[in-house]
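Let me begin by presenting the structure, written as structure tokens, before commenting on it.
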Amino acid sequence: MKAILFHEHGGPEVLEYSDLPTPQPGPGEVQIRLHAAALNRLDLWVREGWPGIKLEYPHIPGADGAGEVAALGEGVEGFKLGDRVLINSVLSCGACKHCQAGKDNVCVDFHLLGETIRGTYAQYIVIPKDNLIHLPDDFGYHEAAASGLVYQTAWHSMVTRGKLQADESVLIVGASGGVNTASIQIAKHFGAKVYVVGSNAEKLALAEELGADVLIDRSKEENWSKAVYKATDRQGVDIVVDNVGAGSMPLSLRAASRAGRILTVGNTGGAKFEIDNRFIFGKHLSIIGSTMGTRDDFDTVMELVFEGHLKPVIDQKFPLQEARAAQERLAAGKQMGKITLEIS
Ligand code: ZN
Numbered sequence: 002m003k004a005i006l007f008h009e010h011g012g013p014e015v016l017e018y019s020d021l022p023t024p025q026p027g028p029g030e031v032q033i034r035l036h037a038a039a040l041n042r043l044d045l046w047v048r049e050g051w052p053g054i055k056l057e058y059p060h061i062p063g064a065d066g067a068g069e070v071a072a073l074g075e076g077v078e079g080f081k082l083g084d085r086v087l088i089n090s091v092l093s094c095g096a097c098k099h100c101q102a103g104k105d106n107v108c109v110d111f112h113l114l115g116e117t118i119r120g121t122y123a124q125y126i127v128i129p130k131d132n133l134i135h136l137p138d139d140f141g142y143h144e145a146a147a148s149g150l151v152y153q154t155a156w157h158s159m160v161t162r163g164k165l166q167a168d169e170s171v172l173i174v175g176a177s178g179g180v181n182t183a184s185i186q187i188a189k190h191f192g193a194k195v196y197v198v199g200s201n202a203e204k205l206a207l208a209e210e211l212g213a214d215v216l217i218d219r220s221k222e223e224n225w226s227k228a229v230y231k232a233t234d235r236q237g238v239d240i241v242v243d244n245v246g247a248g249s250m251p252l253s254l255r256a257a258s259r260a261g262r263i264l265t266v267g268n269t270g271g272a273k274f275e276i277d278n279r280f281i282f283g284k285h286l287s288i289i290g291s292t293m294g295t296r297d298d299f300d301t302v303m304e305l306v307f308e309g310h311l312k313p314v315i316d317q318k319f320p321l322q323e324a325r326a327a328q329e330r331l332a333a334g335k336q337m338g339k340i341t342l343e344i345s
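Just add 1 to the spot in the sequence shown (first one is 1) and you have my numbering.
Structure follows, in structure tokens:
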């Protein structure tokens, strides 16, 4: 099969479009002929590498993918050849106390497709049957691939962990990334009032289109926590969604109301920053971290996506061969929504 792969860490130039043996399904596994994959920032970090990361080379990037069932391993029920499916990229052991409690994203042997396991930038992939859900006939492969990781991540953070309520106010730091656009839609779906801090007018226009109520342009308001305070009658917001980290977290702590919650699933701006602890105890703040979602979260949120209540935003589609250009676009931060790969 054809795949995008790399043999060593580095910049986009390490990506090759090359041949690898097509993986074959073992017991309980399904071989998928992929039609679309979606990019995530994770793909860039894995390609660049970090201390301690261990990969089986050549490595194939990609957590998100959708396609059709091409072969079934022994004992697989519920799927047949040709079924259209979406992959859930959270791989868990199924046996540890967290998995047994339905918290498979907390699994002691947690893996993410494309991170430490070969991923979806390929014509074929083999995946455990429990990591697949059926796609409705009229639902596109690209829209599905663009949804898998970001919606379950945003849902788990805001709903399962953050206990978002209809009458609350939610501030989302960042307007155009995949998880943030998903978060705006989920907050609106719950009936919350949504504030968005974005880097420029174009990105804020997308947030507004998705339903954001109050837009704050940080290219004009460097200390945007003040703008949030003004816009909320000096109360602050109930929930802050901060997946930026460095540069934004100190302001997020200021923008939160008394007894507010700060939700984080990542740090696109950097992992290390100083925080003023007085805000945390003085205002009774909770900082709630999570990564990915549970199977229940995935099933619940994808149902809302399939029914059209939540709509994936696709920025641009690239052919698989041009994955390098796709990653360069993501790295430059120019995208508005998800970048996907067309796999033929
Ligand atoms: Zn487990």
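Note that beta-carbon positions come from the ideal geometry of N, C-alpha and C, so glycine has one too.
Small disclaimer: the values here were computed from a predicted structure and weren't measured.
* Closer than 7 Å: is that where the CB of residue 95 sits relative to any heavy atom of the ligand ZN? -> Yes, the Cβ of residue 95 comes within 7 Å of a heavy atom of the ligand ZN.
* Asked: Whole beta strand (DSSP E) runs in the region 108-156 with 3 or more residues, listed along the chain?
  -> Secondary structure in the region 108-156: the beta strand (DSSP E) runs of 3 residues or longer, each lying completely within the stretch, are 125-129, 133-135 in chain order.
* Do you know how far the Cα of residue 118 is from the Cα of residue 51? -> 15 Å
* Spell out a yes or no on whether the region 220-230 and the region 187-202 are touching, meaning 3 or more CB-CB pairs, one atom from each, closer than 8 Å. => Three or more Cβ pairs closer than 8 Å define a contact, and the region 220-230 meets that threshold against the region 187-202.
* **From 174, 315, 323, residue whose alpha carbon lies closest to that of residue 247** => Of 174, 315, 323, the residue nearest in Cα terms is 174.
* Asked: Is it the case that the CB of residue 109 approaches a heavy atom of the ligand ZN more closely than 7 Å?
  -> yes
* Asked: What's the gap between the Cα of residue 70 and the Cα of residue 141?
  -> Distance between the alpha carbons of residue 70 and residue 141: 15 Å.
* residue 99: CB within 7 Å of a non-hydrogen atom of the ligand PLP -> This structure does not include the ligand PLP; its bound ligands are the ligand ZN.
* Asked: Nearest to residue 170 by CA position, among 132, 214, 24, 252, is which residue?
  -> 214
* With a threshold of 16 other CB atoms inside 10 Å of the CB of residue 224, please say whether the residue is buried or exposed. => exposed
* Same chain only: Cβ atoms within 6 Å of residue 61, ignoring 5 sequence neighbours per side -> So the list reads 4, 6, 119, 120, 122, 123, once near-sequence residues are dropped.
* Rounded separation between residue 143 and residue 273 - CA only -> 34 Å
* Asked: Would the beta-carbon of residue 1 be found less than 7 Å away from any heavy atom of the ligand ZN?
  -> Past the boundaries of the shown model lies residue 1; the chain is included only from 2 to 345, so the question cannot be answered.
* So who's on the other strand from residue 73, going by DSSP bridges? -> 31
* 7 Å CB neighbourhood of residue 238 in its chain, flanking five on each side removed -> 170, 171, 172, 196, 229, 256, 257, 258, 261
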